[in-house]
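In what follows, a single structure is set out as structure tokens and then discussed.
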Amino acid sequence: MGSFFISFNRYPGLCTMTIDLHPRLKAQDPALETRPISDRTSHPASPSPLWQWFENLPVKRKQLVGLLASEAISIVGLVGVGSWLIVAGGRTQLLNQARSELAIAQVHYDIKIDQMGFGFRGQSDNAAIIEAAKAAAEDRALTPEIRERVKQILRNEIQARNIEYATLVGADSRIIANANADRTGEEFNPNNWVAQVLNNPRQLKTSAIVTRAELQRESPPLPDGLPDADLPIRYTFTPVRDPQTQAVLGVLVSGDLVKSPSWKKPSNGFKADIAPFTATNPPGNTAWSLPSTTIPEGLPSQLPTPRSPIPAYSQTPRPPRAKSSPGASASATKPTPWQPKP
168 MGSFFISFNR
178 YPGLCTMTID
188 LHPRLKAQDP
198 ALETRPISDR
208 TSHPASPSPL
218 WQWFENLPVK
228 RKQLVGLLAS
238 EAISIVGLVG
248 VGSWLIVAGG
258 RTQLLNQARS
268 ELAIAQVHYD
278 IKIDQMGFGF
288 RGQSDNAAII
298 EAAKAAAEDR
308 ALTPEIRERV
318 KQILRNEIQA
328 RNIEYATLVG
338 ADSRIIANAN
348 ADRTGEEFNP
358 NNWVAQVLNN
368 PRQLKTSAIV
378 TRAELQRESP
388 PLPDGLPDAD
398 LPIRYTFTPV
408 RDPQTQAVLG
418 VLVSGDLVKS
428 PSWKKPSNGF
438 KADIAPFTAT
448 NPPGNTAWSL
458 PSTTIPEGLP
468 SQLPTPRSPI
478 PAYSQTPRPP
488 RAKSSPGASA
498 SATKPTPWQP
508 KP
């Protein structure tokens with residue numbers, strides 16, 4: 168059997184081991200040679216001064232330090248979680264308040280457009296309106312009486328509802344009659360909505376931006392204080408049908424400029440001033456955010472119908488009271504003398 172020799176040499180911090188194999192073992196495996204194997208002695212890391220201080224404390228002190236540390240962690244965690252809950256709750260409350268304010272502003276915005284829709288849906292059945300639209304569809308000239316009656320109906324609408332536009336447009340998208348400056352024969356098709364109603368005969372309610380040049384051509388009665396800029400407007404487009412054939416003869420267009428004071432009414436309940444969009448367009452800014460209020464005819468409303476302050480145009484008169492003779496009235500009002508019971 169082979170043999171080997173091991174020798175150790177110690178140095179400060181170093182241990183060297185030398186293995187000397189037998190020559191026979193070296194001959195069997197030349198790869199085996201005498202080589203030193205060195206390894207440094209590992210020194211344990213010195214503990215931190217804080218941990219060393221904690222280890223040197225008595226048991227009672229250690230328990231007290233652990234108790235104080237757990238209380239501090241609990242207080243910090245409670246304060247942190249409470250602060251996060253307060254901030255999250257405040258943000259949720261502000262979000263819900265903003266949604267409520269926008270919902271109130273949307274309801275107030277839709278009240279006027281619903282009033283215009285109801286009124287002009289009734290006027291689309293007016294005999295004078297139908298006769299004027301039928302004459303325009305058949306390329307017949309309007310009689311002065313019919314034209315004046317239609318103009319007076321449209322003027323009554325803008326005065327009663329405090330709106331700016333009341334226009335009767337024919338099937339060729341040209342004005343038959345309007346309430347303000349005479350624009351007979353001009354093409355009037357805002358954003359191609361008149362053509363849309365002619366192709367799909369349903370009442371359309373929507374919002375848009377009207378240019379100052381268009382307002383000057385119409386010359387409506389404008390309130391004081393409006394800036395010389397483009398303004399938002401609410402439109403309704405109501406089809407006028409032939410009562411016999413149900414063919415579309417024209418479109419009644421109503422338009423109401425959005426006045427900024429109207430937005431202060433719904434926001435007073437929340438002590439805030441919020442609205443779906445600004446009432447005036449700043450110079451150089453053409454971006455607007457308009458609410459989507461396009462409602463097809465026949466769609467049931469999710470909100471109760473607001474009470475309109477405008478009186479109805481067709482009212483049934485009360486029957487006159489029957490007049491009685493003076494003698495009968497005197498006998499009816501004459502008191503009966505008191506008589507004692509027997």
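In the numbering used here, the protein residues as written are 168 to 509. Just so you know, even glycine gets a beta-carbon here, dropped at the ideal spot from N, CA and C. Just so you know, these numbers come straight off a predicted model, no measurement behind them.
- At the C-beta level, Phe287 and Leu419 come within 7 Å of one another.
- When the alpha-carbon of Leu398 is set against those of Pro410, Pro390, Arg379, the nearest one is in Arg379.
- As computed with DSSP, Glu354 is found in a beta bridge with Arg341.
- Between the C-alpha atoms of Val407 and Asn263 there is a straight-line separation of about 43 Å.
- Taken in chain order, the unbroken stretches of beta strand (DSSP E) that lie wholly in the stretch 283 to 354 and span 3 residues or more are 332 to 337, 342 to 345.
- According to the DSSP secondary-structure assignment, Gly422 is paired through a beta bridge with Tyr332, Tyr402.
- Excluding the 5 residues flanking it on each side, Thr405 has same chain C-beta neighbours closer than 6 Å at Phe287, Arg288, Ser291, Gln370, Leu419, in chain order.
- Out of Glu305, Ile330, Lys301, Thr259, the CA that lies nearest to the CA of Gly284 is found in Ile330.
- Where Leu371 is concerned, the enclosing beta strand (DSSP E) starts and stops at 371 to 377.
- With a beta-carbon spacing of about 12 Å, Lys372 and Ile278 fall beyond the 8 Å limit used to define contacts.
- Distance from the Cα of Ala295 is smallest, within the candidate group Gly422, Asp409, Trp360, for Asp409.
- The closest CA to that of Leu389, considering only Asp423, Ile343, Gly233, is found on Asp423.
- Take Arg314, set aside five residues on each side of it, and the residues of its chain with a beta-carbon closer than 8 Å to its own are Ala299, Ala344, in chain order.
- Under the 10 Å beta carbon count, Glu305 is surrounded by fewer than 16 other beta carbons and is classified as exposed.
- For the 7 Å CB-CB criterion, Glu385 and Asn347 form a contact.
- Counting C-beta atoms within 10 angstroms of its own C-beta, Ser374 has 16 or more neighbours from the protein chains shown and is therefore classed as buried.
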